[in-house]
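Remember, the numbering used here sits 139 above the position in the sequence shown when you count from 1.
Ideal Cβ placement from N, Cα and C applies to all residues, glycine included.
In what follows, a single structure is set out as C-alpha cells and then discussed.
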Amino acid sequence: MAEITLDHAGLLDSLSNIYNAIAALKASAIERDSDVILSLQHAAEGLLSHAEAAMKEGARDAQSAAFVRIGCLADLIDKVNADIDDQLLYAASVLLHLANAQLVAPEAA
140 MAEITLDHAG
150 LLDSLSNIYN
160 AIAALKASAI
170 ERDSDVILSL
180 QHAAEGLLSH
190 AEAAMKEGAR
200 DAQSAAFVRI
210 GCLADLIDKV
220 NADIDDQLLY
230 AASVLLHLAN
240 AQLVAPEAA
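Rendered as C-alpha cells:
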C-alpha cells in the first residue's frame, strides 16, 4: 500500500473547494428556503476545521477523519439532490467530491 503524504497545495485547493461548496449550499438554501439544505450548509462549514487540522504536519489521523467526513457529506448531498434536482446542490456535491480527492496524495513508490 502506498504511503500517504500531506500535499499542502492539494489541501489548500481542498479548502477552497469546501468554501465554494458552502457558497453553493447557501445560495440553494436561500433560493429554496429549505431547512434541510441549510443544515447541509452548516455541516459543510463544520468541515473547515477538520480540513484545516489536516494541514498540520504529522496529521494523518486528522487528514483521514477529514477525508471521511467530506466524503460522507458529499454522498449525503448526492442523495438529497436526487430527490429535488437542484443545480446548486449538484455543484456543491461536485466541489466536495473534488475537495475529498485533493486531501491525500500517494507518495511516489
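Are there 16 or more other CB atoms within 10 angstroms of the CB of residue i, so buried, or fewer, so exposed?
i, result
"D172", "exposed"
"Q180", "buried"
"I157", "buried"
"I223", "exposed"
"Q202", "buried"
"A238", "buried"
Between the Cα of residue i and the Cα atoms of the options, which residue gives the shortest distance?
i, options, result
"A191", "H236, S232 and D152", "Position check: residue 191 holds Glu in this sequence, whereas Ala was assumed. The shortest C-alpha separation from E191 is found at D152."
"L177", "L164, L187 and H189", "L164"
"A240", "V219, A213 and S188", "A213"
"A168", "L242, L235, H236 and A231", "A231"
Could you tell me whether any non-hydrogen atom of the ligand HEM is closer than 7 Å to the CB of residue i?
i, result
"A198", "This structure lacks the ligand HEM; in fact it carries no ligand of any kind."
Please specify which runs of the alpha helix (DSSP H), each continuous and at least 4 residues long, are wholly inside the segment 183 to 246, giving them in chain order. 199 to 223 and 226 to 241
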